[in-house]
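Going by the UniProt record's numbering, the first residue of the sequence shown is number 1, and it counts up by one from there. Using N, Cα and C, we set each Cβ at its ideal position, and we do this for glycine too. Here the structure is a predicted model, which is why all the values come from computation and not from measurement. For reference, the structure discussed in these notes is given below.
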Amino acid sequence: MTLEVETRFIKHGQWTDLDRGPVMGKTITTSTSTGNLVIAILAVLSTLGTAHLWHLVTFAIHQVRANGRPSDALFRQQQAMLRTLPTPSSVMADTIKLWWAWRHKAKRPFLRSLVLLLLALSFTATTIAASVFSSLIVSTKDLIVLVDSPKCGSVDTSRFFTAFYADRVEAVASPYAEECYRDGTLPETCKAFVRPNIPFTITEAPCPFDPIICKNGSVSLDSGLLDVGPTFGLNIKPSEGVKFRKKTTCAVLPLVREHVDVLNYTEYMESNVSFSREPIEGESVISFSYGPTPDSPNTYGVGVIESALLQFYTVNTMKNYSNPEAPTFRQFDPIDLLKPNNSNLVLIFLGSNAVTYNQTIEDPLFSAHVPVPIRTIDLYGQFAESTLYMADLMTRVMACQEQYEYCYIRPSGEEFCTGLRDIPYTSQFPDLTELQRRIVALLAYSSYMFDMSRAKDTLAGKSLRNDKVVSSLPDNQWILELERWNKQTWAAFQIAVTDHAIGPTLRDTGTDAYDPPKSEGGKQLCRVQKMGKTGGVANISVFGLAFIITFSCLIVLLDFFVLKFLIYLSQFRRALAPRIDRWIQDGIWQLQRRAYEGEGHRCWTDLEMEIPLTTEGKELKDLPITWVPEKSPFCDSASTIGRRNDSAGYEGSFTQESVMSRGDPGPVNSRQNGLGLSNMI
């Protein structure tokens, strides 16, 4: 069964991811189609905004350069280019063309062109980055979503302690732990939770029991204090948060006859109600005495014949809670050597049974030194003698102490911690807020549900070959088994916490019985669960959306009003004069006016405005084309110009009188034009 939350249980609309802050965390969750539409709109807006921003940049560059000092033609052509407000690509292309044309005639044309080229190139890169940023505002993959389910509630306690729900959780927790509680790249399955796994440390630790019973050393698996909000994906404020710690310390118990003995089956059955079948003649039972159970003075028993028939590993557990108000029964009453002090105790009985090994095993839990001679037939049909090894005892025992710690912020602002102890009740924390009380209760019930007593199989079992033989095991195999079981426990924790918000009945389909939230804190807890979602919906960053819209509209309006209107107002022009006057004079209409004035058409008005005007009804001819390519007429000899073959439509335009006169004389003949130019040059 998949762990990813279904789309129907996701909150659609605006919500705030408090882990990212009250501003950056504002998010809109919507359908993918709406998300794609927003992406398209943002692409248009960002393109529009950057285009108009470039207009302002080119205006600023032009104004910085417009210092009024005499400059060469390359400078004037660059200014004219900037005045046209070209695109960055046009600036790069035209700048390169200007450099190439002036490379042998102007001073340092390359360096003078490089500045504009780099500015345009940098802005292009910025535009691309802005486009990428705008696309990141809408996320459609690997999302964090808020759960909103009408089935939110707690597990029904009647099914809780008969393990219906827990079995279903473990069915998905075990493969999840295998895939997601490891280093390296994790698969898509691991993105179901805000945090794919919960880290913990494994260290050697002092024996939590009487030192006599810890001859093989002990190790602890400690999560340290975890902030419940980020760890389990609860969208809560730090002031309402709870910190949680789980520490498990385990040791392999030694083989001491006082606690481990081999009894006759009939003798053992007389004091054990659970052994009810008829005994086999001569059958023995391995009896473990670590404290009586409700129906036996012994803790656990293993039939030797039954165990000898099993060629695989078995795992059985028994647990005891030190809290007298624990909402579950104690399976045994531990002996004083194991008596838990403010902690829970779990005994893990690992049966190696008839599993054999190719070599001796030194691991204390899987210790195997009993030789088993076997005869096999080799490839040539010859008998071959070899030796396998069986466990020193068909079943060994490991004891684990489990402790928990809770920390929370009191109303006074002071942080309070319980210290490591057994699972507490919420009544032991009178100053909890309603939300904190429900969080502590959820963690406590999850702790009762999922601990080391849920261990079911072994990592060593995966090493069994088809012939039911294990090649070898490392000396720390018992620690590797503990690590694996602890990973499965934490994976089950993650599932149980998120199932509360989605609804436990979706996993335990055998019943509709669940406890819906009644208190305000319980209802609030139903609305704060975050989970991962690989797709199916879209998340829109409210900050990014507002920024793109505001910035683009502001730049467009600024460009529109400043460059199109404000610079032509008298007060604005006086403030920016004389540089703003050069911007106007470099405009295309003013340049056109100057070209016609060069042709002798001088009846212009409004010379200082953006758009110069002529007298009413004045007609202008097309501007002539230069006679000799690449050269202006005044820069050539008289004989060269005199020999031109110009069209009749351009006769008589370039006379001395037309250039020097303030009037607008009529056309003159071609002979006068040629003589006039010769005299001027």
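**Report entry** Which listed residue (R582, I625 and E616) has its alpha carbon closest to that of G598
**Finding:** The residue labelled residue 598 in the question sits at position 598 within the sequence shown. Nearest option by C-alpha distance: I625.
**Report entry** For T376: DSSP bridge partner residues
**Finding:** The residue given as residue 376 occupies position 376 in the sequence shown. DSSP lists A384 as partners of T376.
Query raised in the report: Is the beta carbon of E281 less than 8 Å from the beta carbon of I305?
Result: Against the sequence shown, residue 281 aligns to sequence position 281. Against the sequence shown, residue 305 aligns to sequence position 305. No, these two residues do not count as a Cβ contact at 8 Å.
Requested in this report: Kindly indicate which residue of N358, P175, A171 and I213 has the alpha-carbon position closest to the one of D508.
Outcome: On the sequence shown, position 508 is the one that residue 508 refers to. The candidate whose alpha carbon is nearest that of D508 is A171.
Query raised in the report: Tell me, which residues are paired with V256 by DSSP?
Result: Numbered from 1 along the sequence shown, position 256 holds the residue referred to as residue 256. Per DSSP, none; premise fails for V256.
Report task. Put Y404 into one of helix, strand or coil per three-state DSSP. Result -> As a first step, residue 404 is located in the sequence shown; it is residue number 404 there, counting from the start. In this structure, Y404 counts as strand in the three-state DSSP scheme.
Query raised in the report: Is it buried or exposed for I495, if we count other Cβ within 10 angstroms and need 16 for buried?
Result: In the sequence shown, residue 495 corresponds to position 495, counting from 1. By the 10 Å Cβ count, I495 comes out buried.
Query - Under the three-state DSSP convention, the category G522 falls into - result: Position 522 of the sequence shown, counted from the start, is the residue given in the question as residue 522. G522 falls in the helix class under three-state DSSP.
Query - For F288, the first and last residue of its enclosing beta strand (DSSP E) - result: Your numbering for residue 288 matches position 288 in the sequence shown. Per DSSP, F288 belongs to the beta strand (DSSP E) from S284 to F288.
**Report entry** Check whether S248 and M452 have beta carbons under 8 Å apart
**Finding:** Reading the sequence shown from its first residue, position 248 is the one you call residue 248. Reading the sequence shown from its first residue, position 452 is the one you call residue 452. As written in the sequence, residue 248 is Thr, which differs from the Ser given in the question. It is a contact, given that the beta carbons lie within the stated cut-off.
Query raised in the report: Would you say the region 436 to 446 touches the region 339 to 358, given that touching needs at least three Cβ pairs under 8 Å?
Result: Because the criterion of three Cβ pairs below 8 Å is not met, the region 436 to 446 and the region 339 to 358 do not touch.
**Report entry** Assigned exposure category for A166 - 16 Cβ within 10 Å defines buried
**Finding:** Within the sequence shown, numbered from 1, the residue matching residue 166 stands at position 166. Classification for A166: buried.
Query - Anticipated Cβ contact below 8 Å, T356 with K468, distance rounded - result: Locating residue 356 in the sequence shown gives position 356, counting from the first residue. Locating residue 468 in the sequence shown gives position 468, counting from the first residue. Right, their Cβ atoms sit about 7 Å apart.
Query raised in the report: Do G503 and C152 have their CB atoms nearer than 8 Å?
Result: For the purposes of this step, residue 503 is taken as the residue at position 503 of the sequence shown. For the purposes of this step, residue 152 is taken as the residue at position 152 of the sequence shown. In this structure, C152 lies closer than 8 Å to G503 by Cβ.
Report task. Please work out which residues of its chain come closer than 7 Å, Cβ to Cβ, to V470, disregarding the five sequence neighbours upstream and downstream, and give them in chain order. Result -> Here residue 470 refers to the residue found at position 470 when the sequence shown is read from its first residue. Excluding residues within five positions, the ones whose Cβ falls inside 7 Å are V355, Y357, A460, S463 and L464.
Report task. Under 8 Å Cβ to Cβ from P88, same chain only, skipping five residues before and after it: list those, please. Result -> By one-based count along the sequence shown, residue 88 stands at place 88. These residues qualify, in order along the chain: W54, A120, L121, F123, T124 and T127.
Requested in this report: Give the range of the alpha helix (DSSP H) segment to which C553 is assigned.
Outcome: The sequence position of residue 553 within the sequence shown is 553, counting from 1. Here the alpha helix (DSSP H) through C553 covers V542 to K564.
Query raised in the report: Which same chain residues, not among the five before or five after H369, have their C-beta less than 7 Å away from its C-beta?
Result: Here residue 369 refers to the residue found at position 369 when the sequence shown is read from its first residue. Hits under 7 Å: T360, Y389 and D392.
Requested in this report: Note the first and the last residue of the continuous beta strand (DSSP E) segment covering K533.
Outcome: Residue 533 sits at position 533 when you count from the first residue of the sequence shown. K530 to K533 is the span of the beta strand (DSSP E), which, as asked, contains K533.
Requested in this report: Look at V542 and I61 and say whether their C-beta atoms are less than 8 Å apart.
Outcome: The sequence position of residue 542 within the sequence shown is 542, counting from 1. The sequence position of residue 61 within the sequence shown is 61, counting from 1. Contact flag unset, no.
Report task. For Y380, count neighbouring Cβ atoms within 10 angstroms of its own Cβ and tell me buried if that reaches 16, exposed if not. Result -> Looking up residue 380 in the sequence shown gives position 380. Exposed, because fewer than 16 other Cβ atoms sit within 10 Å of the Cβ of Y380.
Query raised in the report: Pairing CB atoms from the region 225 to 234 with CB atoms from the region 253 to 273, are three or more of them under 8 Å?
Result: no
Report task. Spell out the partners DSSP gives Q14 in its beta bridges. Result -> To locate residue 14, count along the sequence shown from 1; it is residue 14. Answer is I28.
Query - CB-CB length for N353 against T314, believed under 8 Å - result: Numbered from its first residue, the sequence shown carries residue 353 at position 353. Numbered from its first residue, the sequence shown carries residue 314 at position 314. About 6 Å separates the two Cβ atoms, so the contact holds.
Requested in this report: Would you mind sorting N36 into buried or exposed? The rule is 16 or more other CB atoms within 10 Å of its CB.
Outcome: The residue labelled residue 36 in the question sits at position 36 within the sequence shown. N36 comes out exposed.
Requested in this report: Could you please give the first and the last residue of the uninterrupted beta strand (DSSP E) stretch that includes E610?
Outcome: Numbered from its first residue, the sequence shown carries residue 610 at position 610. Looking at the DSSP string, E610 is not in any beta strand (DSSP E), and its letter there is neither H nor E.
Query raised in the report: When DSSP labels each residue in this structure, what does C207 get in the three-state scheme?
Result: Locating residue 207 in the sequence shown gives position 207, counting from the first residue. DSSP places C207 in coil when its eight states are reduced to three.
Report task. Pull up the distance between the alpha-carbon of K618 and that of V44, whole angstroms please. Result -> The sequence position of residue 618 within the sequence shown is 618, counting from 1. The sequence position of residue 44 within the sequence shown is 44, counting from 1. Distance between the alpha carbons of K618 and V44: 44 Å.
**Report entry** Which listed residue (P206, V115, P175 and C400) has its alpha carbon closest to that of A492
**Finding:** Your numbering for residue 492 matches position 492 in the sequence shown. Of P206, V115, P175 and C400, the residue nearest in Cα terms is P175.
Query raised in the report: So, helix, strand or coil for P199, using DSSP?
Result: Sequence index remark: in the sequence shown, residue 199 carries index 199 (1-based). Residue state, collapsed to three classes: coil.
Query - Cut-off 6 Å between Cβ atoms - residues of its own chain near L226, not counting five sequence neighbours on either side - result: In the sequence shown, the residue the question calls residue 226 occupies position 226. Excluding five sequence positions before and after L226, the CB atoms of its chain that fall closer than 6 Å to its own CB belong to F244, given in chain order.
Requested in this report: May I ask you to verify whether the region 531 to 538 touches the region 142 to 152, counting CB pairs closer than 8 Å and requiring at least 3?
Outcome: yes
Query raised in the report: So who's on the other strand from S220, going by DSSP bridges?
Result: Residue numbering aside, residue 220 sits at position 220 when the sequence shown is read from its first letter. Answer is T203 and T249.
**Report entry** C-alpha distance - R182 paired with F349, whole-angstrom precision
**Finding:** Locating residue 182 in the sequence shown gives position 182, where the first residue counts as 1. Locating residue 349 in the sequence shown gives position 349, where the first residue counts as 1. C-alpha separation (whole angstroms): 26 Å.
Report task. State buried or exposed for P211, treating a residue as buried only when at least 16 other CB atoms are found within 10 Å of its CB. Result -> Taking the sequence shown and counting its residues from 1, one reaches residue 211 at position 211. Result: exposed.
Query raised in the report: With 16 other CB atoms within 10 Å as the buried threshold, where does V262 fall?
Result: As a first step, residue 262 is located in the sequence shown; it is residue number 262 there, counting from the start. Its Cβ having fewer than 16 others within 10 Å, V262 is exposed.
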